[in-house]
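*Asks:* The structure follows.
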Amino acid sequence: MNSERPKLPIEAVELYNEFIHGGMSRRAFITRVQGLAVAGLGATAVIEALMPNYALGQQVSKTDDRIKTSYETIPSPKGNGTIKGYFVRPVSADSRNEKPSKLPGILVVHENRGLNPHIEDIARRMALSNFMAFAPDGLTSQGGFPGDDYKGGLLFNKIDKAKMFEDMVAAAEWLKARADCTGKIGVTGFCYGGSVSNNLAARMGADLAAAVPFYGGVPPDAEIPKIKAAVLVQHGELDKNTAATWPGYDKALTAAGVPHEGYIYPGAVHGFNCDATPERYNKAAADLAWGRTIDWFNKYTRA
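According to UniProt numbering, the residues represented by the sequence shown are 1 to 303, in order.
Structure representation (structure tokens):
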């Protein structure tokens, strides 16, 4: 895909964002899309254009012979009991020596739909950059990602968010403690996962080396001084609510002495990194943001 900006009007993309974040019912979403005047496209075509296409967005095959994958279930006694996730390592790290090579670990946290195929693909991309990655499924206690983003969103809304965050903490601690991890870990996430990335940095302090939140909420002011990880913040210019949090967060991170950078990408909407949703995906912004993400993790988790 080569989308630089949505082909549909921004109102359609904003409707989709409101819908997928639980702001309206499916019926209301369809009704409001029908009220949009989109030249040459009916409501059905508009809705299809907004929905995710995971096959289209896949960059690394599940069967790619350069990676080794598994699903792992780990204990989360302070959360929902257990948390299941998708674990990926590059094959090269396990074949060069008698013992597996130790690698930095990257926690990859999903949006508010659970561990969908796009997030699994992000974890595989991390492995091809020579990290070990773990992508936990916050919907584990509800049976896991149901195979449909809308249904995933409904399940997400049912879960106790405090317990779900404890599941993410447990996942990070498990990754950090693995014998094949260097003991240095980072976290990246998108929307809900971006918020988790920021709050995990506050929770874990010096136990987290780096955080790269994409369009996520910021921690409470009182928690920001606890952050010791290097933080790289990424927002879309047209995602006005989340982008508006950057100046204050920048100021607070500076006051706390936290190494950090922040970027707001011109013409990019909320979810601009997701190549499985073409009408939100902005290739120029996503490629630049991904390059910065890998550089950030290389700098702060390999030292």
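A virtual CB, placed ideally from N, CA and C, is assigned to each residue, including glycine.
Could you compute how far the alpha carbon of N241 sits from the alpha carbon of D221?
*Replies:* 17 Å
*Asks:* Taking the alpha helix (DSSP H) that I294 falls in, what are its first and last residues?
*Replies:* K283 to T301
*Asks:* With a CB to CB cut of under 7 Å and the five nearest residues on each side skipped, what residues in its chain are close to A303?
*Replies:* none
*Asks:* Given 8 Å as the limit, is there contact between the segment 194–204 and the segment 165–184, that is, 3 or more CB pairs closer than that?
*Replies:* yes
*Asks:* Below 7 Å between beta carbons: does that hold for N112 and F145?
*Replies:* For N112 and F145, no; Cβs fall outside 7 Å.
*Asks:* For a minimum of 3 consecutive residues, which ranges assigned as the beta strand (DSSP E) are wholly contained in the segment 141–208?
*Replies:* 181–190
*Asks:* Helix or strand or just coil, what does DSSP make of S92?
*Replies:* In this structure, S92 counts as helix in the three-state DSSP scheme.
*Asks:* Which runs of the beta strand (DSSP E) fall wholly inside the segment 32–88 and span at least 3 residues, in chain order?
*Replies:* Correct list: 67–76.
*Asks:* Starting from D221 and walking both ways along the beta strand (DSSP E), at which residues does that stretch end?
*Replies:* Unbroken run through D221: none, as it is neither H nor E.
*Asks:* If you draw a straight line from the alpha carbon of S95 to that of K62, how long is it in whole angstroms?
*Replies:* 19 Å
*Asks:* Under the rule that 16 or more other beta-carbon atoms within 10 Å means buried, what is N157, buried or exposed?
*Replies:* exposed
*Asks:* Would you give the residue range spanned by the beta strand (DSSP E) that Y263 belongs to?
*Replies:* H260 to Y265
*Asks:* Tell me, please, which residues DSSP counts as bridged to L232.
*Replies:* E261
*Asks:* Can you check whether the CB of H118 is closer than 7 Å to the CB of A285?
*Replies:* When the beta-carbon positions are compared, A285 and H118 stay at least 7 Å from each other.
*Asks:* Evaluate the contact criterion for the segment 260–280 versus the segment 228–244: three or more CB pairs, one atom per stretch, below 8 Å.
*Replies:* In the pairwise beta carbon analysis, the segment 260–280 is classified as touching the segment 228–244: at least three pairs are separated by under 8 Å.
*Asks:* Mapping DSSP to helix, strand and coil, what is L238?
*Replies:* coil
*Asks:* I'd like the span of the beta strand (DSSP E) that includes G105, first residue to last.
*Replies:* L103 to V109
*Asks:* Tell me whether M24 sits in a helix, a strand or coil according to DSSP, three-state version.
*Replies:* coil
*Asks:* Is it true that the CB of V13 sits closer than 7 Å to the CB of V269?
*Replies:* yes
*Asks:* Buried or exposed, going by whether 16 or more other CB atoms sit within 10 Å of the CB of V88?
*Replies:* V88 comes out buried.
*Asks:* Does the segment 173–187 come into contact with the segment 126–144, if we say contact requires no fewer than three beta-carbon pairs (one atom in each stretch) closer than 8 Å?
*Replies:* yes
*Asks:* Would you report the Cα separation of K69 and E11, rounded to the nearest angstrom?
*Replies:* In the sequence on display, residue 69 carries Thr and not Lys. When rounded, the distance between both Cα atoms is 39 Å.
*Asks:* Let me make sure I understand the geometry here. Which of V212, D207, S197 and A210 has the alpha-carbon closest to that of P219?
*Replies:* S197
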